[in-house]
Every structure is written in structure tokens, then in C-alpha cells.
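Visitor:
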Amino acid sequence: MQESMLSSRRSPPFPGEEGQEGGDDESKTRKNASFGARVFVSARSALSGQCAAISIFLFLLFVSVASFVLSRSFSAVCVSPYDPSTRALLFRATLDGLASDFGSLGVPWCRSKQGKTVEWTRKDLLKGLEEFVPIYETRPIKNNMYGMGFDHSFGLWFMARWLKPDLMIESGAFKGHSTWVLRQAMPETRIISLSPRHPGKYLKKGPAYVDQNCTYFAGKEFVDFGSVDWGNAIKKHGISDLSRVLVFFDDHQNELKRLKEALNAGFQHLIFEDNYDTGTGDHYSLRQICDQYYIRGGGHSCFIGSDEARIRMKRKKFWEKAVDRDELCGSGENWWGVQGYMRDNFNHSNKAISYEEHFQNSRFVESVLDVYWELPPVAGPSLTHQTRYDPARASDPIIEDGRFGLFQRLGLTKFETSVFNGYTQMVYLQVSPPTS
Ligand SMILES: C[S@@+](CC[C@H](N)C(=O)[O-])C[C@H]1O[C@@H](n2cnc3c(N)ncnc32)[C@H](O)[C@@H]1O
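Okay, here's the thing in C-alpha cells:
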């Protein structure tokens, strides 16, 4: 919460993301384009030389090897990639660049005013995981379908515990799992929870969590976050310093709308649970807003013959939530948000926006942003067996693929694999009013 928790290092949130300015989306395509280009250029120069016959032979040899490798990858595609028994084939496909090559399709991020990032490191996250696993085992709601899974529960717990707020506000409680997570992080801190349905209502049908030190704006008392008289509510909770308040959103509302409401109320520390990737999700997210050509890892090509379209098509067969070109791009090749739409309220409201408006939204976000930090996935898919999010659009996991010993030592093998299936780039923001 304090200034001291933030360093002013200019290092980006994730490796390889420095160099913010300049050009369009080369970072995503360069790797693949250069592969094709290398084949073409080397074949052409060889043919023009004296050793044409040898070159043709080598080129044909290369083509045969490439088709063999491709046929292996297609056979892997044909045997139900989501079936656990075919996971071995899936990870063999890593060799073809199809599987857990984290970040290979770009990981867009939001630029902050001073280039600050968070104080915690990957080492801190690993240490946190060690502490969190036994806590998560005691969760009252074992099956939290439609709510948070392991990755985001850990992220919320870790950040709340690190920031040590004097008050925690949550919007979107469902059965109360996230309220329980906040309580584990800060046993004595007051919580305000807003949700149309009171979590206590779910108790009649099965496990739910109602906190004893929480003010619920729920059920008949429900008020939307944007309509609460926050000055009054905060005062009633004995808070005078708004920099000591942490706000957590899991209410599937347009995040630009929520950001503006939070700024109006004077809040500075925000966590958004579902920071959906471009082309996905039921509300306009920070990740979508900042996915811009001028950001390294941002922007998209809707050209049917592009490398991006080809790679996306392949990846779609491996990851349930991977987005192919047809899903990404709408009419007029609009790709921002979801096919050019700014979704809100669980996609019940869906407004078309122009690219210019989308671009201005990113400029606004940058003008209020002090820190943007996306939680990395907890572990690579060969360990978690997650089948949903596409690693190509995520940063490196805390526990990398292949580190089974560590994954097991931390006790993560105890959990059902379904708890790892809900990662959607949870994000922490520190914000302040725009500087004029
Ligand atoms: C995905 S669930 C929240 C899951 C919960 N945080 C967890 O981890 O278990 C979304 C919740 O937001 C609630 N919701 C819908 N509209 C809302 C609004 N305007 N403000 C707050 N919550 C809202 C829904 O009723 C639902 O309980």
C-alpha cells in the first residue's frame, strides 16, 4: 500500500517486454515469419550459386523432414487433445511450437506513467505458494465452478497479504469463495462485499461462505459499485486514507467503467479477476484495452493468410479458449475488445466501438496508471494439465513445465486438475488521477 512497496525500476512486468515504443506488431510474428523467410531466402541464394543441385537436394530433404514433423503434429491434433491420455502427444507437439511456448503470440500489457512495477518478485511468489497450498486445502467451497480456481485464489491472497490494506472491498461474491480468500490473507480486516445475491442464500443448497466481519451490500441491500456513496461508506468503516483500501472486482462489468468509478471514489489499489484476452470474455478488460500496436506484444492481424491466423488456427485445436482468426476478427476486420465490441455486464450490454475510441481508451488508462501487473499462471500445463487458456498469450508460469519435483513438493499434485482451469490474467493496478 505504501509508496515503499513499489520500486521505480523501469523493468517491465515480464521478461522481454521492455522497449515499449515503436511500430506495429512485429514481436509476435517475427519468430515465425523469419522461419519461413529463412527457408525461402536460403533456397533462392543456393539456387543462384554454383551448387544448385546440392542445394535442391538439401531443400527437398528439408521439405520431407518438415512434412514428417507436420504429419506428426496433425496426428496429435486428431486424437482429442483434451483427453488426458493424449497429453503426452500434446507435449511432444511442443517441439512444433504448438504447445506450452509461453508468450509466443504476444503478451500485451498496460504502460504506467512512470514505468513503476510491483515490489514482489518471482521468489516471493514461490514462497507464497508454499504457504498458500495448505490454506487452499481448507477452503469451504471445494467445487467453485463459475468462481475462482487455484491460480486466481492464490493471486488474490498473495496481493491482499502483501498490500495489507485497512479495508477490502469486493464486487461479485457469488458463494463467497473470494471473500474467504480475502479473509485468509487478512484475518482482522473489515470487508465490504457487493453482490446481487447474498452468499448466505447458497448455503441452503450446499457449501458457501458468509463472513462475520463483513458488511454485505447484497440481496435486498444490493447497490452497484458505481452507485455507492463511498465517502460515507468509507467513513463509517473508520477509514480516512483511501490509499489503505484494496478493491477487488469479479463482477464481469466493463473494466473501463469500473476503473473510472474507482478513480472518482479516490481508490488507488484495484484487482480485476477476469482480465480477458482480446477476442474473449463477457466484458471489456484492461488487457483488451492495452492490446495496441504500439505495445510490444500487442495488436493483431486479421489477414487470412497471416502467420498469426495460421498459428491461431493450429492452437485452437489444443486449447479450448484459444481464439482463432474468425473469432478474433469481426466485420471490417475489427479485432479490438471482442470483434470491435466493448462488452459489459456479462455480455448483456454490447456496444460497438471504433478503433479510434478503443485507442483513446488505452491513452486514458495510461494517463491514470501507476502500476500494471498481471499474475502469471501458477504452473505450466504439463504440470497442471490445464486445457483451456492458451500459453501463447500468457507470461511464463511461476513453476515452469518440467519442474515436476517442485510442483509435487509444494503439494500441488493433491488438487483436482479442474482447479487450474480458470486462469484469465488476473491483474493488479495502482492508479491515481491523470496528471495534467
Ligand atoms: C464470477 S462470480 C464471482 C465469483 C467469486 N468472486 C468467487 O471467486 O467465487 C460473479 C458474481 O458477480 C455478481 N454480479 C453480477 N452483477 C453484479 C454487479 N453489478 N455488482 C456486483 N456483483 C455482480 C454475480 O451475481 C456473481 O455472484
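Going by the numbering used here, the sequence shown opens with residue 9, and the numbers climb by one from there.
Yeah, the Cβ is synthetic: ideal placement off N, Cα and C, and Gly gets one too.
Using only alpha-carbon positions, find the residue among Gln192, Asp232, Leu137, Gly136 that is nearest to Gly180.
Guide: Cα-wise, what sits closest to Gly180 is Asp232.
Visitor: When the Cα of Lys212 is compared with those of Glu178, Arg304, Lys183, Glu328, which residue comes out closest?
Guide: Of Glu178, Arg304, Lys183, Glu328, the residue nearest in Cα terms is Lys183.
Visitor: For Met434, count neighbouring Cβ atoms within 10 angstroms of its own Cβ and tell me buried if that reaches 16, exposed if not.
Guide: Met434 comes out buried.
Visitor: Would Asn151 be called buried (16 or more neighbouring beta carbons within 10 Å of its own) or exposed?
Guide: Exposed.
Visitor: Let's test the definition: count the other Cβ atoms within 10 Å of the Cβ of Gln220 and tell me whether it reaches 16, buried, or not, exposed.
Guide: By the neighbour-count rule (16 or more Cβ atoms within 10 Å), Gln220 is not buried but exposed.
Visitor: Between Pro215 and the rest of its own chain, which residues show a CB-CB distance below 6 angstroms, the 5 nearest in sequence each way excluded?
Guide: If we look at Pro215 and ignore the five residues flanking it on each side, its Cβ neighbours are Pro148, Ile149.
Visitor: Just to confirm my understanding: we take Asp91, look at its own chain, exclude 5 residues before and 5 after, and list those with CB closer than 6 angstroms. What are they?
Guide: Note that Asp91 has pLDDT 41, beneath the 50 cutoff, so the model's placement of it is unreliable and the number below is only indicative. Taken in chain order, the list of residues that qualify is empty.
Visitor: Report the residue from Gly234, Asp352, Asn429, Thr395 whose alpha carbon sits nearest the alpha carbon of Lys325.
Guide: The residue with the shortest Cα to Cα distance from Lys325 is Thr395.
Visitor: Can you tell which of Arg417, Cys222, Pro195 has the C-alpha that lies nearest to the C-alpha of Ser168?
Guide: Before going further, note that residue 168 is Ala rather than Ser in the sequence given. The option with the nearest alpha carbon to Ala168 is Pro195.
Visitor: Can you round the beta-carbon distance between Val373 and Ile297 to whole angstroms, since I take them to be within the 8 angstroms contact cut?
Guide: That belief holds up - the Cβ atoms of Val373 and Ile297 are roughly 5 angstroms apart, short of 8 angstroms.
Visitor: Helix, strand or coil for Ser293 per DSSP?
Guide: Correct three-state label for Ser293: coil.
Visitor: Quick check: the Cα distance between Gln438 and Leu267, rounded to an integer number of angstroms?
Guide: Going from the Cα of Gln438 to the Cα of Leu267 covers about 11 angstroms.
Visitor: With a threshold of 8 angstroms, establish whether the CB of Gln261 neighbours any heavy atom of ligand 1.
Guide: Yes, the Cβ of Gln261 comes within 8 angstroms of a heavy atom of ligand 1.
Visitor: If you count every other CB in all the chains shown that lies within 10 Å of the CB of Lys243, and 16 or more means buried, which is it?
Guide: Lys243 comes out exposed.
Visitor: For the region 280-290 against the region 248-263, do three or more pairs of beta-carbon atoms, one drawn from each stretch, fall closer than 8 angstroms, so that the two count as touching?
Guide: At 8 angstroms Cβ cutoff, the stretches touch.
Visitor: Please list, in chain order, all residues of the same chain as Leu113 whose beta carbon is under 8 angstroms from its beta carbon, the five residues on each side excluded.
Guide: Cβ neighbours of Leu113 beyond the five flanking positions: Lys36, Glu316, Ile319, Arg320, Arg323, Asp398, Ala400, Arg401.
Visitor: Should Glu269 be listed as close to ligand 1, given that the test is whether its C-beta is under 8 angstroms from any heavy atom?
Guide: Outside the cutoff, so no.
Visitor: Applying the criterion that 16 or more other CB atoms from any shown protein chain within 10 Å of the CB defines a buried residue, is Ala360 buried or exposed?
Guide: The residue is exposed, with fewer than 16 neighbouring Cβ atoms inside 10 Å.
Visitor: Using the three-state DSSP reduction, which class does Val346 fall into: helix, strand or coil?
Guide: Correct three-state label for Val346: helix.
Visitor: Only counting the same chain, and skipping five residues up and downstream in sequence, which positions put a Cβ closer than 8 angstroms to that of Arg252?
Guide: Once the five neighbours on either side are set aside, the close Cβ partners of Arg252 are Met9, Pro173, Asp174, Leu175.
Visitor: What three-state label does DSSP hand Met321 in the structure shown?
Guide: Three-state DSSP puts Met321 in a helix.
Visitor: Just the Cα atoms here: how many angstroms apart are Val379 and His206?
Guide: Roughly 33 angstroms separates the two Cα atoms.
Visitor: Check Glu34 in the structure and name its three-state DSSP category.
Guide: Low local confidence applies: a pLDDT of 25 at Glu34 is under 50, so the model's placement there is unreliable, with the coordinate-based value given in what follows. Three-state result, Glu34: helix.
Visitor: Using DSSP with H/G/I as helix, E/B as strand and the rest coil, what is Phe230?
Guide: Note: Phe230 maps to coil in three-state DSSP.
Visitor: Could you give the distance in angstroms between the alpha-carbon of Glu408 and the alpha-carbon of Thr421?
Guide: Each residue's alpha carbon lies about 15 angstroms from the other.
Visitor: For Gly136, count neighbouring C-beta atoms within 10 Å of its own C-beta (all shown protein chains included) and say buried if the count is 16 or more, exposed if not.
Guide: It counts as buried.
Visitor: Quick check: what's the CA-CA separation for Leu134 versus Gly306?
Guide: Roughly 28 angstroms separates the two Cα atoms.
Visitor: Helix, strand or coil for Cys298? Go by DSSP, reduced to three states.
Guide: The answer is helix: DSSP assigns Cys298 an H, G or I state.
Visitor: With DSSP as the reference, please indicate the residues paired to Val439 in a beta bridge.
Guide: According to DSSP, which records beta bridges pairwise, Val439 is partnered with Leu377.
Visitor: Following a CB-centred definition, is Tyr154 positioned closer than 8 angstroms to any heavy atom of ligand 2?
Guide: As far as ligands go, the structure on display features ligand 1 and does not contain ligand 2.
Visitor: Is any heavy atom of ligand 1 found at a distance shorter than 8 angstroms from the C-beta of Asn353?
Guide: Checking every heavy atom of ligand 1 against the Cβ of Asn353, one is found closer than 8 angstroms.
Visitor: Would you kindly work out how many angstroms separate the C-alpha atoms of Gly419 and His393, rounded to a whole number?
Guide: Their backbone Cα atoms lie some 15 angstroms apart in a straight line.
Visitor: Where does Pro142 land, buried or exposed, given buried means 16+ other C-beta within 10 angstroms?
Guide: Classification for Pro142: exposed.
Visitor: Identify which residue in Ile247, Asp352, Gln300, Glu127 has its Cα closest to the Cα of Asp282.
Guide: The option with the nearest alpha carbon to Asp282 is Asp352.
Visitor: Taking just the CA atoms, how far does Lys209 sit from Tyr217?
Guide: Answer to the nearest angstrom: the Cα atoms are 10 angstroms apart.
Visitor: From the DSSP output, in three-state form, read off Ser50 for me.
Guide: Residue confidence for Ser50 is low, a pLDDT of 32 falling below 50, so the modelled location carries little weight; the figure read from the coordinates is stated next. In the structure shown, Ser50 sits in a helix (DSSP, three-state: H, G or I).
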